[in-house]
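S.K.:
Residue numbers (our numbering), protein chains in the order written: chain Y, 1 to 168; chain H, 169 to 239.
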């Protein structure tokens, strides 16, 4: 059980927006990583997570409910949909989603499982809540985590904070 | 200009840099693939709606009557 929770780094997107947010050279001194992020993007396109800049060997299942239904679907082998959800331009203006990515044993030499919870508010008639089980089938230790988009940008005031957790 | 934010977690340095030509090319390819996939979904949905309407016409019943049959 994790006993310490340390902020490693934090980012707030500036007025120009950002196509991606990357945490690089992550120290190997922790047991687990947690990335909490709140985001909004300036279009309605797709979004990805990348570990160590890799765009392959991802898989995952997303269970979700929104104001219309409850359902599930698969994430992409390229990391698509596995980052948690940003609010998009179709959603109510100035509303940002909340997401938490938990990556246990990120430095291990086994494949990396991770979990994500996400809430995308719309503050009108729609809402979205999701739970995600993800896997990166790669035995390389994780030293970088990137949130990225098909196109467009995370808008100003999107934030991401990376925490390290030690088990002792 | 499209930028990327990189935080070096060891040094604490934050770099905001323009996307490289390779990253821009990948982004454009991803966007084109996304647009194509969305178009395919729209075409499939339109074809399904057309087929459904044709079947209802062939059967001589309304959509509500079809729902009643399947209930």
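A virtual CB, placed ideally from N, CA and C, is assigned to each residue, including glycine. None of the values given here were measured: they were computed from a predicted structure.
Below 8 Å on the Cβ atoms is my guess for residue 96(Y) versus residue 158(Y); work out the distance and round it to an integer in Å.
M.R.: One-based indexing of the first chain puts residue 96(Y) at position 96. One-based indexing of the first chain puts residue 158(Y) at position 158. Indeed they touch by this definition, with Cβ atoms about 7 Å apart.
S.K.: So residue 15(Y) and residue 173(H) are supposed to be a Cβ contact under 8 Å. How far apart are they, rounded?
M.R.: Here the question's residue 15(Y) lines up with position 15 in the first chain. Here the question's residue 173(H) lines up with position 5 in the second chain. About 13 Å separates the two Cβ atoms, so there is no contact after all.
S.K.: Could you tell me how far apart the beta carbons of residue 32(Y) and residue 106(Y) are, in whole angstroms, since I believe they sit closer than 8 Å?
M.R.: Numbered from its first residue, the first chain carries residue 32(Y) at position 32. Numbered from its first residue, the first chain carries residue 106(Y) at position 106. About 7 Å separates the two Cβ atoms, so the contact holds.
S.K.: Can you give me, in chain order, the residues of the stretch 185–205 of chain H that have a beta carbon less than 7 Å from any beta carbon in chain Y?
M.R.: Residues passing the 7 Å Cβ filter: 187, 195, 198, 199 and 202.
S.K.: Using a beta-carbon distance below 8 Å, is residue 172(H) in contact with chain Y?
M.R.: Position 4 of the second chain, counting from 1, holds the residue named residue 172(H). Yes, residue 172(H) lies at the interface with chain Y (some Cβ there is under 8 Å from its Cβ).
S.K.: Residues of chain H with CB closer than 7 Å to the CB of residue 153(Y), please, in chain order.
M.R.: As a first step, residue 153(Y) is located in the first chain; it is residue number 153 there, counting from the start. Within 7 Å Cβ-Cβ: 170.
S.K.: In three-state DSSP terms, what is residue 170(H)?
M.R.: For the purposes of this step, residue 170(H) is taken as the residue at position 2 of the second chain. Coil.
S.K.: Check whether the Cβ atoms of residue 177(H) and residue 53(Y) sit closer than 8 Å, and answer yes or no.
M.R.: Counting from 1 along the second chain, the entry for residue 177(H) is found at position 9. Counting from 1 along the first chain, the entry for residue 53(Y) is found at position 53. Taking 8 Å as the Cβ cut-off, residue 177(H) and residue 53(Y) do not qualify as a contacting pair.
S.K.: Name the residue from 78(Y), 45(Y), 70(Y) and 68(Y) whose alpha carbon lies nearest to the alpha carbon of residue 60(Y).
M.R.: For the purposes of this step, residue 60(Y) is identified with residue 60 of the first chain, where counting begins at 1. Nearest option by C-alpha distance: 78(Y).
S.K.: Chain H partners of residue 13(Y), CB-CB under 9 Å?
M.R.: In the first chain, the residue the question calls residue 13(Y) occupies position 13. Ordered by position in chain H, the residues that pass the 9 Å Cβ test against residue 13(Y) are 173.
S.K.: Closest Cβ-Cβ distance between residue 45(Y) and chain H: below 8 Å?
M.R.: Counting from one through the first chain, the residue named residue 45(Y) turns up at place 45. Yes - at least one Cβ of chain H is within 8 Å of the one on residue 45(Y).
S.K.: Residues of the stretch 49–65 of chain Y in Cβ contact with chain H at a cutoff of 8 Å, in chain order, please.
M.R.: Here the close residues number zero.
S.K.: Does the beta carbon of residue 104(Y) sit closer than 8 Å to a beta carbon anywhere in chain H?
M.R.: Taking the first residue of the first chain as 1, we reach residue 104(Y) at position 104. Not one chain H Cβ lies under 8 Å of residue 104(Y).
S.K.: Residue 228(H) versus chain Y: which residues are under 7 Å apart at the beta carbon?
M.R.: The sequence position of residue 228(H) within the second chain is 60, counting from 1. Ordered by position in chain Y, no residue passes the 7 Å Cβ test against residue 228(H), which lies about 31 Å from the chain.
S.K.: When you compare each of 121(Y), 109(Y), 115(Y) and 29(Y) to residue 139(Y) by their alpha carbons, which one comes out closest?
M.R.: In the first chain, residue 139(Y) corresponds to position 139, counting from 1. Comparing Cα positions, the closest option is 109(Y).
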